[in-house]
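Residue 32 in numbering that gives the first Met the number 0 sits at position 33 of the sequence shown; the count goes up by one each step and never skips.
Read the structure below first, then the notes.
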Amino acid sequence: MHAMTAISPADFFARTFHTVVFAGGGNRCWWQAGAVDRLCDEANWQVKRLIGVSAGAGIATAFATGRLK
């Protein structure tokens with residue numbers, strides 16, 4: 000078995016994202032809005048596909064329509 004190692008924030012922000020999955024969970028998923036907002040400013044977002052369930056679908060819709068800010 001191979002050990003997993005965490006990547007650095009710089010390595011994470013240097014990655015390109017094409018698909019984003021948003022989990023459900025009511026008010027618990029509002030962290031997704033903050034994380035996505037931050038990643039939009041820092042990362043190479045070229046998102047072509049959004050997947051979301053329950054409240055996560057609401058966050059995905061807000062992201063897709065530019066309503067996170």
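Note that beta-carbon positions come from the ideal geometry of N, C-alpha and C, so glycine has one too.
- prompt: Can you name, in chain order, every residue of its own chain whose Cβ lies under 6 Å from the Cβ of residue 14, other than the five neighbours on each side?
  reply: Here residue 14 is taken as the residue at index 15 of the sequence shown, counted from 1. So no residue of the chain qualifies.
- prompt: Where residue 55 and residue 28 are concerned, what is the direct C-alpha to C-alpha distance, given to the nearest angstrom?
  reply: If you number the sequence shown from 1, residue 55 lands on position 56. If you number the sequence shown from 1, residue 28 lands on position 29. Residue 55 and residue 28: Cα-Cα distance of roughly 6 Å.
message: Suppose the cutoff is 8 Å on Cβ atoms and the five residues either side in sequence are ignored; what does the same chain contact list for residue 40 look like?
response: Counting from one through the sequence shown, the residue named residue 40 turns up at place 41. Closer than 8 Å at the Cβ level, and outside the excluded window around residue 40, lies no residue.
message: Tell me the rounded alpha-carbon separation between residue 26 and residue 66.
response: By one-based count along the sequence shown, residue 26 stands at place 27. By one-based count along the sequence shown, residue 66 stands at place 67. In a straight line, the C-alpha of residue 26 is about 17 Å away from that of residue 66.
Contact check, residue 49 vs residue 63, beta carbons under 8 Å: The sequence position of residue 49 within the sequence shown is 50, counting from 1. The sequence position of residue 63 within the sequence shown is 64, counting from 1. Yes, Cβ-Cβ distance for residue 49 and residue 63 is below 8 Å.
query: Under a Cβ-count criterion, where at least 16 other Cβ atoms within 10 Å of its own Cβ denotes burial, should residue 73 be classed as buried or exposed?
result: The chain is shown from 0 up to 68; residue 73 falls before or after that span and cannot be answered.
task: Grab me the residues of residue 16's own chain with a C-beta within less than 8 Å of its C-beta, minus the 5 sequence neighbours each way, in chain order.
output: Indexing the sequence shown from 1 puts residue 16 at position 17. If we look at residue 16 and ignore the five residues flanking it on each side, its Cβ neighbours are 38, 42, 43, 44, 45 and 46.
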